Each structure stands twice: as structure tokens, then as C-alpha cells.
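J.: Please read through the structure below; I'll follow up with questions.
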């Protein structure tokens, strides 16, 4: 394998086909090779990487100062394991799982990312579905130093954390946001959602930059009136996914009308209880 290798992609099959020991051996073998400019590491697959395999991966990654993409969504990272990547100052894309259940651990994780990766542009974190409380402004504030973030996705939230206060803060922290997803754990019985009029706050934050939005709205109550005119619109939004497990048919038209008034979307597609709007302009 030549030192000029720039990208590594590993697709994890089932444990019966690719054992944890084999995965560890792959990382150990790569570690022994003098890689001159490794820019991307991607690990895909339906199975989580075992802890000893993760240790081998961290040993490989921590010496690659040229790394720009670390998409390891099969790996479970903590603030402590992330801190071992202090040389990765060029990192622009990061995706991983965070499986701790305390809000303090989540706050430490976001703070570690904010302090280590100043050039970050894309972040996708899968939180533990059993997280004890919803994340808020103070929880995610440590990430605010990554001013260039354009794609942010936080999965397995409790569904109600997108307050007006948090949206206002995020609009100031990341003024260039293009893709934003704050998705709930659909299996969580207590997950609710945010009021539909929170879309005004989202528009206020990213009216000229946001192109894709995925958020959980609470569509069970009364809908806010459809604005005849609004000064702030999500004018460049190409798609919006409204996560809602059960929505009566007679409410779809009301929701679509409200969304169209504030997003300039032209086409509505309904799928599996979710409402998806796309702008084909």
C-alpha cells in the first residue's frame, strides 16, 4: 500500500464475516505503514466497532495531521477519546456516535469538538436514545467556536429542545448554515416536538443560507395562522422534512399551506406519516 494513499473506506460486514479481531488487525497494519497524506477515513456498516478495535483506530488517526474527513458513524466516541485527536486541526467533516447518557458528558463532547477542530464544516452526532435530559443552549455552546459549520445533524434528541433561545444562539454562532437536522428518537414514548411557529425562529436565523431542514414539529394542536406576508422567509430552502409519526389526513393541507407561506416551496410529497416539501426552483 503506497504512502500516497489519501482515503480509506471500510465497510463493516456482519460479525460472522468480519470479526473484531480482523478489524483491529486492519487498523494495526495501516498504522505500520508510513502514510504521507491521509485525508479521509470512512467506516460504514450496521454494526458498532468494538472497543479494542476503536483503540486501534484512534492510534492510527491521532498521527494523521492532514486528516480532513473522519466519518466513523459505527464508532462510539467520548470527550476523552476525541481529545486524542488533538492533531486533527484540518478536520472539516466529522460523524460518530456518542453513547453516554448524562447531559454533562454531552456538553463535554461538544466542548471538546469546539476546542480541537476550528475548521469544522460538517458534524453529525448520534446521541444515546436514553439521554436523561434534552440538550439546550449551555449543552451545545462549546461548539460555537466552530464558526464555519454549514451542516449540522444531531440525532436521537428528545424532540423539544429547539427553543427560540437556542435558535437565536445558533443563528449567531453559525451564520452560514445550509443543512440542519435535529431529529428525535422515534422509539421514545415521551418525545414530542416543537411548535410549528418555531419555523419563524429558524427563518430568522438562516433565511438566506438554509437549504435543507429536518426537525420534529408538534402537529397535534392548533396551527398558527398562515401569514399573508412575512418579511423573513427561508428563501433558498430546497427540502424540509417534518417528523410526525401520526398526522390526520385533514391536517396535511393546513401544514403544507403554512410551510409554503414561509418557505417558498412548490411541491408537497407525503411519505409514511412525514411531510416532505421540495422546492424545484
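Numbering (this note's numbering), first residue to last: 817 to 1097.
Note that beta-carbon positions come from the ideal geometry of N, C-alpha and C, so glycine has one too.
Owing to the predicted nature of the structure, the values given are computational and were not obtained by experimental measurement.
Are residue 970 and residue 992 close, meaning C-beta to C-beta below 7 Å?
T.: For the purposes of this step, residue 970 is identified with residue 154 of the chain shown, where counting begins at 1. For the purposes of this step, residue 992 is identified with residue 176 of the chain shown, where counting begins at 1. No, they are not a contact pair.
J.: Run through DSSP, which three-state label would residue 1030 get?
T.: As a working note, residue 1030 is residue 214 in the chain shown. Three-state DSSP puts residue 1030 in a strand.
J.: Can you list, in chain order, the residues of its chain whose CB lies under 6 Å from that of residue 873, leaving out five sequence neighbours each side?
T.: Sequence index remark: in the chain shown, residue 873 carries index 57 (1-based). 843.
J.: Who are the near neighbours of residue 989 in its chain, counting only those whose CB is closer than 6 Å to its CB and skipping five residues on each side?
T.: As a first step, residue 989 is located in the chain shown; it is residue number 173 there, counting from the start. The answer, listed in chain order, is 960.
J.: For residue 890, which option in 1070, 918 and 839 has the closest C-alpha, if you only look at C-alpha atoms?
T.: Walking along the chain shown from the start, residue 890 turns up at place 74. Closest option to residue 890, Cα to Cα, is 839.
J.: Alpha carbon to alpha carbon, how far is residue 837 from residue 987? Give it in angstroms, no decimals.
T.: On the chain shown, residue 987 is found 171 positions in, with the first residue counted as 1. On the chain shown, residue 837 is found 21 positions in, with the first residue counted as 1. The straight-line gap from Cα to Cα measures roughly 45 Å.
J.: Using the DSSP secondary-structure output, state which residues sit across from residue 942 in a beta bridge.
T.: The count along the chain shown starts at 1 and reaches residue 942 at position 126. Its beta-bridge partners are 913 and 971.
J.: Classify residue 905 as helix, strand or coil using the three-state DSSP reduction.
T.: Numbered from its first residue, the chain shown carries residue 905 at position 89. Residue state, collapsed to three classes: coil.
J.: Starting from the C-beta of residue 977, find all residues in its chain whose C-beta is less than 7 Å away, skip the five residues before and the five after it, and write them out in chain order.
T.: As a working note, residue 977 is residue 161 in the chain shown. 950, 951 and 952.
J.: When DSSP labels each residue in this structure, what does residue 1100 get in the three-state scheme?
T.: There is simply no residue 1100 to check, as the chain begins at 817 and stops at 1097 in what is shown.
J.: DSSP on residue 865, reduced to helix/strand/coil?
T.: In the chain shown, the residue the question calls residue 865 occupies position 49. It is coil, neither helix nor strand.
J.: By Cβ distance below 7 Å, which residues in the same chain neighbour residue 823 in space, the five residues on each side in sequence not counted?
T.: Here residue 823 refers to the residue found at position 7 of the chain shown. Counting only Cβ-Cβ distances below 7 Å, and skipping sequence neighbours, we find 855 and 856.
J.: If we call anything under 7 Å between Cβ atoms a contact, is residue 1040 one with residue 1012?
T.: Looking up residue 1040 in the chain shown gives position 224. Looking up residue 1012 in the chain shown gives position 196. Contact: yes.
J.: Taking just the CA atoms, how far does residue 943 sit from residue 1070?
T.: For this step, residue 1070 is matched to residue 254 along the chain shown. For this step, residue 943 is matched to residue 127 along the chain shown. If you take the alpha carbons of residue 1070 and residue 943, they lie about 32 Å apart.
J.: When DSSP builds the beta bridges, which residues end up paired with residue 860?
T.: Counting from one through the chain shown, the residue named residue 860 turns up at place 44. DSSP output for residue 860 lists 827 as bridge partner(s).
J.: Around the Cβ of residue 914, are there at least 16 other Cβ atoms within 10 angstroms (buried) or fewer (exposed)?
T.: The sequence position of residue 914 within the chain shown is 98, counting from 1. Residue 914 is buried by the Cβ-count criterion.
J.: In chain order, what residues of the same chain have a beta carbon less than 6 Å from the beta carbon of residue 924, not counting five sequence neighbours either side?
T.: Working through the chain shown from its first residue, we reach residue 924 at position 108. Around residue 924: 895.
J.: Quick check on this structure: which residue in 1030, 884, 870 and 1056 has the alpha carbon closest to the alpha carbon of residue 841?
T.: Indexing the chain shown from 1 puts residue 841 at position 25. Of the listed residues, the one whose Cα sits closest to residue 841 is 870.
J.: So what does DSSP say about residue 896, is it helix, strand or coil?
T.: If you number the chain shown from 1, residue 896 lands on position 80. If DSSP states are grouped into helix, strand and coil, residue 896 belongs with the helices.
J.: Does the separation of the CB atoms of residue 898 and residue 917 fall below 7 Å?
T.: The residue labelled residue 898 in the question sits at position 82 within the chain shown. The residue labelled residue 917 in the question sits at position 101 within the chain shown. Not closer than 7 Å, so no.
J.: Among residues of its own chain, excluding the 5 on either side of residue 1079, which ones have a beta-carbon nearer than 6 Å to its beta-carbon?
T.: Sequence index remark: in the chain shown, residue 1079 carries index 263 (1-based). Here the set comprises 1050 and 1053.
J.: Does the distance from the CB of residue 937 to the CB of residue 958 come in under 7 Å?
T.: As a working mapping, residue 937 is identified with position 121 in the chain shown. As a working mapping, residue 958 is identified with position 142 in the chain shown. No. Outside cutoff.
J.: CA-CA distance, residue 877 and residue 931?
T.: Position 61 of the chain shown holds residue 877. Position 115 of the chain shown holds residue 931. Taking the straight line from one Cα to the other gives about 18 Å.
J.: Give the straight-line distance between the Cα atoms of residue 921 and residue 901, rounded to the nearest whole angstrom.
T.: Indexing the chain shown from 1 puts residue 921 at position 105. Indexing the chain shown from 1 puts residue 901 at position 85. Cα to Cα, the separation comes out at about 18 Å.
J.: Residue 881 bridges to which residues according to DSSP?
T.: One-based indexing of the chain shown puts residue 881 at position 65. Looking at the DSSP assignment, residue 881 forms no beta bridge with any residue, so it has no partner.
J.: Identify, in the order they occur along the chain, each residue of the same chain with its Cβ nearer than 6 Å to the Cβ of residue 1015, setting aside the five sequence neighbours on each side.
T.: Locating residue 1015 in the chain shown gives position 199, where the first residue counts as 1. If we look at residue 1015 and ignore the five residues flanking it on each side, its Cβ neighbours are 1078.
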